[in-house]
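Following: one structure in structure tokens, then a few remarks.
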Amino acid sequence: MSQKTFYITTPIYYVNDVPHVGNASTTVASDVVARFKRLQGYNVLFATGTDENAPKVAEAAEANGMSPQEFVDDIVPKFKEVWHKMHITYDVFIRTTEARHKKVVEAAFQKLLDSGDIYKDVYKGWYCISDETFFREGEVKDGRCPNPECRKPVRWIEEENYFFRLSAYGDRLLKYIEEHPDFLGPEFRKNEVVSFIKAGLRDTCITRDAYGWGIPVPGDPSQVIYVWFDALLNYLTVAGYLQNEDEFAQIWPADLQLMAKDIFVRFHSTLWPAMLMGLGVELPKKVFAHGFWTIEGEKISKSKGNAISPIKLAEEIAAMSGADIDIAVDAIRYFILREVTFGLDGDFSVSGLIGRFNADLANDLGNLLNRTLPLLHNYREGIIPTPGPVSHDAQEIINLVTSTGAEVAEYLDKLQFGDALAAIWTVIGRANKYMEDQAPWKLAKDEACAAELNTVLYTVLETVRSVAILISPFMPSAAEAIWEQLGIDSPLTEAKWEDAGSWGGLLPGTQTHAPRPIFPRIDTKRRAEAPAAEKEKKMEQKAEEAPQYLTFDDFKKTELKVGKILTAERVPGADKLLKLTVDVGEEEPRQVVAGIAQWYSPDELVGKQVVVVANLAPAKIRGVESRGMLLAADTEGRAVLLTPDADVAPGAEVR
Ligand code: MSP
1 MSQKTFYITT PIYYVNDVPH VGNASTTVAS DVVARFKRLQ GYNVLFATGT
51 DENAPKVAEA AEANGMSPQE FVDDIVPKFK EVWHKMHITY DVFIRTTEAR
101 HKKVVEAAFQ KLLDSGDIYK DVYKGWYCIS DETFFREGEV KDGRCPNPEC
151 RKPVRWIEEE NYFFRLSAYG DRLLKYIEEH PDFLGPEFRK NEVVSFIKAG
201 LRDTCITRDA YGWGIPVPGD PSQVIYVWFD ALLNYLTVAG YLQNEDEFAQ
251 IWPADLQLMA KDIFVRFHST LWPAMLMGLG VELPKKVFAH GFWTIEGEKI
301 SKSKGNAISP IKLAEEIAAM SGADIDIAVD AIRYFILREV TFGLDGDFSV
351 SGLIGRFNAD LANDLGNLLN RTLPLLHNYR EGIIPTPGPV SHDAQEIINL
401 VTSTGAEVAE YLDKLQFGDA LAAIWTVIGR ANKYMEDQAP WKLAKDEACA
451 AELNTVLYTV LETVRSVAIL ISPFMPSAAE AIWEQLGIDS PLTEAKWEDA
501 GSWGGLLPGT QTHAPRPIFP RIDTKRRAEA PAAEKEKKME QKAEEAPQYL
551 TFDDFKKTEL KVGKILTAER VPGADKLLKL TVDVGEEEPR QVVAGIAQWY
601 SPDELVGKQV VVVANLAPAK IRGVESRGML LAADTEGRAV LLTPDADVAP
651 GAEVR
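Read in order, the letters of the sequence shown correspond to residues 1 to 655 in my numbering.
See below:
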């Protein structure tokens, strides 16, 4: 293996419950980095897994009337299923009940016992089973866990246990942190670690005697090894430590270990590096803690019933929008990394997610593709044209696209996911504006502008190709869907990160596929009226069951006419409505309000021939009078206006 390697880990999660959006956020962030590094050509080892030898897992098993082993065996496939559905591309899923891991834990324990870093003594103190953490007498003030994220009642414990000589490592840790400024991040959390160590480290108890569930202490099976001592070593097990020296030498030290702030200071920045120092193993290159998510302003907790399953949420989003479930999952992945600055706390709200879905994905990203591709099909039979001369505006887009890949890479290397996405959205925004400015639908009307039109279509679609690569670590299914519509021969999985920044990857002559909106907008009104909408749907279904025929005389009552759109403008305050004046062959043009603003820009409509229901009773829509209705096909949640096949005089009857 001569290729450069990149080893990234998530925490291994307790299997007392299936994953919620909180756990998903660390795993998604790690997956984005893993995918990005693969695109950069690294040989990535991305590990996640489950922490199974914990007293709280044994308690959960008991509560479910199962043995701990039965319980963990039952829940692990559910974890894996969630990760697969979330498009998590882990390479290794480690379970701490695996024999290979037990061997590593036993050997590490023995090594530290032999070197004198582990010794036996009496432990008197508090234990929080929820956090699986020991606390000193003075640390607990009110019988509750001092960790602000937990605050559950603690238990007093007096046992003869084994201890790890953590106190001997304080100075070495401080020196290491100072000499390796990139080791801990973000900076403000590093400072918390330094203060914690400076306050004085005490030796830590690393066995328990009261529980039968866990890895027994070598040579003293009355005790089991403390779950954190066991769990942290998973990172070494995965890398081949004490199993395959060559592999271990290639892969270790880990490049990036991600987690939230709850397990950063005491465990991953203090106990873990001290254990590694004791074992004589190099420290990971970077340990980084992100913040905590609340849900709709509340702490995530099983008892509050707000531990949202990311998959259930994706199903809801898919149902509300009509998007594929994989696309809904991508939207959640996007939201997790876009909504808050990675490292800080954030609030997860469904309305926030819907807001971003509609604004960033359906509007910005969706429009770029879903407005350009239909034009390509209308004017160039869906075939990518050879661009004409490059205008000043097109050159600006080219410059932006060719520099953004490197900029995004820099942000991703610094785990600034939000900034990375913002940089990609700058490209999307600029390309959308370029479209508006160039108005290809106008250029199409003038044969003399054919080369100019080719430049516009090519520039926008080539930008879309680049954007597909840049978003692929975040939204792999959406990127695939875009790639597929562009008709690019080589699969996206074979693309490299640098391809995003090299202009011209989209080959003229490529036959693109039928345009299909990837992110259909979520109708927020429908969501607010969800139960009513459900009822409506049921009534519609009932009506559908009995066929209902219309007599010809009934049909004749509908007056359909060809009209020509003379003017079009947005209705202020209504993002879906356009106010049109339509010539239907009468003395005065008709004013018609149509709910098509998501799919058509006003400019694009002027001059278009349409079919109008001319004898519909006048109505006021958002206070604006509407006299008539345009006919449109409803395809995949998008309205496509019906228009005559040849030029027809306004007012011609449709029969
Ligand atoms: N088993 C230990 C970790 C051992 S690693 C050697 C553990 N497990 S856990 O199931 O409680 O997972 C904790 C991790 O889940 C956090 O560090 C974080 O990665 C993720 N999160 C759990 N709740 C979260 C939020 N509310 N918000 C963000 N991340 C959350 O601790």
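Even glycine gets a Cβ: it sits at the ideal position worked out from N, Cα and C.
### Query
Over what stretch of residues does the beta strand (DSSP E) that includes I8 continue unbroken?
T5 to Y14
#### Entry: Under 8 angstroms between C-beta atoms of D499 and W425
no
### Query
Quick one, which of E653, L507 and L631 has its alpha-carbon nearest K556's?
E653
### Query
Taking the alpha-carbon positions, what's the L258 to A199 distance?
25 angstroms
### Message
Just to confirm the assignment, what range does the alpha helix (DSSP H) spanning Q609 have?
### Response
That residue, Q609, is in no alpha helix (DSSP H); its beta strand (DSSP E) goes Q609 to V613.
#### Entry: Limits of the unbroken alpha helix (DSSP H) element including Y334
I325 to E339
### Task
Can you tell me which of V624, F46, Q3 and P476 puts its alpha carbon nearest to the alpha carbon of Y235?
F46
### Message
Shorter than 7 angstroms, the distance from the beta carbon of N234 to the closest heavy atom of ligand 1, or not?
### Response
yes
### Message
Looking at F474: is its Cβ nearer than 8 angstroms to the Cβ of L560?
### Response
Result no, Cβ atoms of F474 and L560 do not sit closer than 8 angstroms.
#### Entry: Sequence-distant residues of the same chain with beta carbon closer than 6 angstroms to F357, five excluded per side
A331 and I522
### Query
Would you say P491 touches ligand 3, meaning its beta carbon is less than 7 angstroms from a heavy atom?
Absence of ligand 3 from the depicted structure is noted, with ligand 1 being the only ligands included.
### Stretch pair the region 277-297 + the region 176-184: three plus CB contacts closer than 8 angstroms
Segments in contact, yes.
### Task
Would you check whether ligand 1 has a heavy atom nearer than 7 angstroms to the C-beta of I300?
It does: the Cβ of I300 is within 7 angstroms (strictly closer) of some heavy atom of ligand 1.
#### Entry: Reference F163, options R208, R151, E586 and C128, closest by Cα
R208
### Message
For the alpha helix (DSSP H) containing P77, name the first residue and the last one.
### Response
P68 to K85
### Y119 burial status per 10 Å Cβ neighbour count (16 or more: buried)
Residue burial is scored here from C-beta neighbours: Y119 has fewer than 16 other C-beta atoms within 10 angstroms and is therefore classed as exposed.
### Task
Verify the CB distance criterion: does K312 have a CB-CB separation below 8 angstroms to chain C?
Of the chains in the structure shown, none is chain C; there is only one protein chain.
### Message
With distance defined between alpha-carbon atoms, name the residue in A34, L486 and P253 nearest to N370.
### Response
L486
#### Entry: Runs of beta strand (DSSP E) lying entirely within the region 343-405, each at least 3 residues, in chain order
346-348
### Query
Looking at C-alpha atoms only, which residue of M435, N64 and S303 is the closest neighbour of D603?
Measuring from the Cα of D603, the nearest candidate turns out to be M435.
#### Entry: Per-residue burial, T558 [other beta carbons within 10 Å of its own, 16 or more giving buried]
When all chains shown are included, T558 counts as exposed.
### Message
I want to know whether the region 499-508 touches the region 385-405 - three or more CB-CB distances under 8 angstroms.
### Response
yes
### Query
Taking the alpha-carbon positions, what's the F71 to G170 distance?
39 angstroms
### Query
Does the Cβ-Cβ distance between T96 and N53 come in under 8 angstroms?
yes
### Query
Between the region 13-27 and the region 305-314, are three or more C-beta pairs nearer than 8 angstroms?
yes
### Message
I'd like to confirm the pairing. Which residues does DSSP put opposite K564 in its beta bridges?
### Response
D583 and Q609
### Query
What residue range is occupied by the uninterrupted alpha helix (DSSP H) comprising D114?
A99 to S115
### Buried or exposed (CB count within 10 angstroms, at least 16 for buried), E132
buried
### Query
Near E158, what residues of its chain come up, given a Cβ to Cβ distance below 6 angstroms and the 5 sequence neighbours on each side ignored?
K124
### Query
Under the rule that 16 or more other beta-carbon atoms within 10 Å means buried, what is W156, buried or exposed?
exposed
#### Entry: D230 - containing alpha helix (DSSP H), residue span
Per DSSP, the continuous alpha helix (DSSP H) segment holding D230 begins and ends at V227 to L232.
### Task
Tell me whether H101 is buried or exposed, calling it buried when 16 or more other Cβ atoms sit within 10 Å of its Cβ.
buried
### Message
I'd like the list of long-range same chain contacts for F36, defined as Cβ closer than 6 angstroms, with 5 residues on each side in sequence excluded.
### Response
L412 and P473
### Task
Within its chain, find whatever has a CB closer than 8 angstroms to the CB of E544; leave out the 5 residues flanking it on each side and keep chain order.
Confidence at E544 is low in this model, with a pLDDT of 42, below 50, so the placement of that residue is unreliable and no value is reported for it.
### Task
Classify E540 as helix, strand or coil using the three-state DSSP reduction.
For E540, the predicted structure reports a pLDDT of 42, less than 50, and the residue's modelled location is therefore unreliable. A value from the coordinates is still provided. Looking at E540 - three-state DSSP - the assignment turns out to be helix.
### Message
Given this structure, state the Cα-to-Cα distance separating Q110 from T237, to the nearest angstrom.
### Response
16 angstroms
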